[in-house]
Structure formats: C-alpha cells, structure tokens
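> Using the numbering used here, you'd call the opening residue of the sequence shown number 1 and step up by one each time.
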Amino acid sequence: MTDPTTDPLRAFEIPGLARFEPGAGGLTRLAISTPVAEAHIYLQGAHVTHYQPAGSAPVLFVSARSFFENGKPIRGGVPVCFPWFANRAGHPESPAHGFARTREWEVESLAVDGDQTVLAVLRLNADAATRAHWPHDFVLRHHIAIGAQLGMMLEVENVSREPFQFEEALHTYFAVDDVREVSINGLENAGYLDKSDAFRPKNQGPEALRFTGETDRTFEHTLATCVLHDPREGRRIVVEKSGSATTVVWNPWIAKAAAMPDFGDDEWPRMACIETANAGANAITLAPGERHALRAVISVS
1 MTDPTTDPLR AFEIPGLARF EPGAGGLTRL AISTPVAEAH IYLQGAHVTH
51 YQPAGSAPVL FVSARSFFEN GKPIRGGVPV CFPWFANRAG HPESPAHGFA
101 RTREWEVESL AVDGDQTVLA VLRLNADAAT RAHWPHDFVL RHHIAIGAQL
151 GMMLEVENVS REPFQFEEAL HTYFAVDDVR EVSINGLENA GYLDKSDAFR
201 PKNQGPEALR FTGETDRTFE HTLATCVLHD PREGRRIVVE KSGSATTVVW
251 NPWIAKAAAM PDFGDDEWPR MACIETANAG ANAITLAPGE RHALRAVISV
301 S
C-alpha cells in the first residue's frame, strides 16, 4: 500500500484539480475534480472507480460489498485485465483476469490540458511476482483522461527478447437504473460465444441486445461503437474504441450474483458491463520492442 503523504506522490499533484488521498480500505487513490467532471483512480490496479460528468449521475458501478484490500480485486469501476482474460487455460493456480488489477501501479505523470481535463499515466513493470505467473518482461501503461469524456488507453510494450502473446480488457461496469430496461446498440448481427451456455457460438441477430437473464457474451472480431440506452435514467452511454477486436457484455443475474462474496445479492439490476478487450481469437502477439494500444472513450448524453 502506498503512503499518500509521501513526497514522491505529492510532487505529482495539481492544486485544485488532482490530489492523492486515502480511499476505501485505506488504499491510495487519486481524486480528480475539474469544472466538467470528477473521478477516483486507485493506484492498486490503476483502477478507475468513479467518473461523474457535471450534471450527470455517476457513470460507473461499484459494488457496496467490494473488497478494498491490498491484493484483492475491486468489484466494479474499470478493472484492468492483463495478461489474460477470465481464467488462464491450463493454469488453475493463476488469478482470474491476470495480475494487473491487484498490483500497485506507479504514477508516471499527471498533467492538465487546459483547465478541464486531467491526464494521468500509471505504469506497471514486470518483476519477480509477475514472472512467477507469466515469464515475460513488459511495461504496461494506463493513460487516463478525465474531462467531459472518460478516455482510457492501455498500452503494452514488449521489453523482452522474445515475442509474447497476451489478452487484455478494460472491464467496465456501467451504472444503470434497471438492467432489464436497458438496451445496447452496435452489436447487431454480430457473432458471439455464450459463456452462460457452454461457450456455444451464437448470433446476436438484427435486434438490439437486451438483458433477460444471465448474460456473458464474448463478441469477437468487432470494432463497433456500442451505445447503452438507459430510458429510466434518461441517458445514453457511448463506448467508442480502437485497437480492440473483442467486446464482452456481462450481467451475472440472480444466481451468480448470490454466489459472489464481493457482490450484493440485489445489486445485479443496477449494472451492465461493456468490456473493451482483445481476448480469445483476438489475443495480441508483440515482437520485442513493439507496443500495442487499446483505447476506449466513454461519453454520456
């Protein structure tokens, strides 16, 4: 756990806009407040847990039962999944969704663009602990822009002497009024793997995606922008992306929510995940010295 009173962190602060403070569970977070938005970013996992444009309700969902403990993933917000997505095939000892979301990241830079957007860059380097799970040298940077839009760029650099393959995701949990009333456009006629039905390949068909039960769909080979319509909240959330060929849509519904210790039994109607990813058939291979950037821009209207 980082001590938020140490000089190295204080040196990055921007008076009146960005400061470090103890967050939930005593974990260090970056609190950002600009004329157009506010946000919280935890150094553990480079994890955006709160984003709220001026005049709007909070955009991200975080479970009231989430762990905020050193080394345990936060349930909600925007978890960073790397270097694999979901469970690592053939490695039951490895943590789900990789190790990036439970590691303490370093602050590389903190800057302001005008007086309305704060730009944060957090970095995770390979070390003995990461190599114990995944024997490759990398630099992972999370570029986060807090302004009228929420911009995120996950940049992977191969600093080893051999190629490596990885999966990644910005596993975004959106706050909704009632998931049974929302719809998602942008994935019409797209194929997907249905994890809730033994990964059977299916097709979305011409209609918007709606939630009528447990939903865990991996849409591969899609570059589409997704639009989440929330009629009861009276807003649209737009997720634009680049450098990403996978979109995952998830809601645990009743039984799975009840089985998760860090998720309230009655919280499932208030969230929907639209995850910007490269997973499965869309895993990325990087040669030594190469970089790859996955980007997501989230806007509300």
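The beta-carbon is built from N, C-alpha and C at its ideal position, and this holds for glycine as well.
State the DSSP-derived secondary structure class of residue 56, mapped to helix, strand or coil.
Reduced to three states, the DSSP call for residue 56 is coil.
> From residue 128 to residue 23, what does the alpha carbon distance come to, in whole angstroms?
28 Å
> Please check the pair residue 283 and residue 166, which I expect to be a contact at CB under 8 Å, by giving their CB distance rounded to whole angstroms.
At roughly 7 Å, the Cβ-Cβ gap stays under 8 Å, so residue 283 and residue 166 are in contact.
> Helix, strand or coil: which one does DSSP assign to residue 106?
Here residue 106 sits in strand by DSSP.
> Short of 6 Å in beta carbon distance, which residues of its chain neighbour residue 213, apart from the five on each side in sequence? Order them along the chain.
253
> To which residues of the same chain is residue 270 closer than 8 Å at the C-beta, ignoring the five residues directly before and after it?
61, 175, 176, 177, 178 and 179
> Using the C-alpha atoms, what's the distance from residue 76 back to residue 8?
Going by C-alpha positions, residue 8 is about 28 Å away from residue 76.
> Tell me, please, which residues DSSP counts as bridged to residue 235.
Note: residue 235 sits in a beta bridge opposite 230.
> Apart from the five residues just before and just after residue 246, which ones in its own chain have a Cβ nearer than 6 Å to its Cβ?
Taken in chain order, the residues that qualify are 220, 277, 278, 279 and 282.
> Take residue 145 as the anchor and find which of 16, 38, 260 and 267 has the nearest alpha-carbon.
38
> Which of the three DSSP states, helix, strand or coil, is assigned to residue 37?
Three-state result, residue 37: strand.
> Straight-line CA distance for residue 133 to residue 119?
31 Å
> With a CB to CB cut of under 7 Å and the five nearest residues on each side skipped, what residues in its chain are close to residue 4?
Any reading at residue 4 must be qualified, since the residue scores a pLDDT of 48, below 50, and its modelled position is unreliable; the value itself is stated next. Result list for residue 4: 20, 21, 22 and 28, in chain order.
> Hey, residue 302 and residue 154 are a contact pair by Cβ (cut 8 Å); roughly how many whole angstroms apart?
Since the first and last residues shown for the chain are 1 and 301, residue 302 lies out of range.
> Hey, could you find the ends of the alpha helix (DSSP H) residue 8 is sitting in?
7-10
> What separation, rounded to the nearest whole angstrom, lies between the Cα atoms of residue 151 and residue 237?
13 Å
> By a C-beta neighbour count over all protein chains shown, 10 Å radius and 16 as the cutoff for buried, is residue 45 buried or exposed?
buried
> Kindly list the residues whose CB is nearer than 8 Å to the CB of residue 102, restricted to its own chain and excluding five residues on each side of it in sequence; keep chain order.
Only 44, 45, 71, 72, 73 and 95 meet the Cβ criterion.
> Once DSSP output is grouped into helix, strand and coil, what is the label at residue 72?
For residue 72, the three-state secondary structure derived from DSSP is coil.
> My understanding is that residue 267 touches residue 63, with C-beta atoms under 8 Å, so please give their C-beta distance in whole angstroms.
6 Å
> Going by CA-CA distance only, name the one from 87, 33, 196 and 131 that's closest to residue 250.
196
> Taking a contact to mean a Cβ-Cβ separation below 8 Å, would you say residue 69 touches residue 158 in this structure?
no
> Assign residue 15 to one of two classes, buried (16 or more other C-beta atoms within 10 Å of its C-beta) or exposed (fewer than that).
exposed
> With distance defined between alpha-carbon atoms, name the residue in 136, 111 and 32 nearest to residue 285.
136
> Label residue 223 either buried or exposed according to how many other C-beta atoms from any shown protein chain fall within 10 Å of its C-beta, with 16 as the threshold for buried.
The residue is exposed, with fewer than 16 neighbouring Cβ atoms inside 10 Å.
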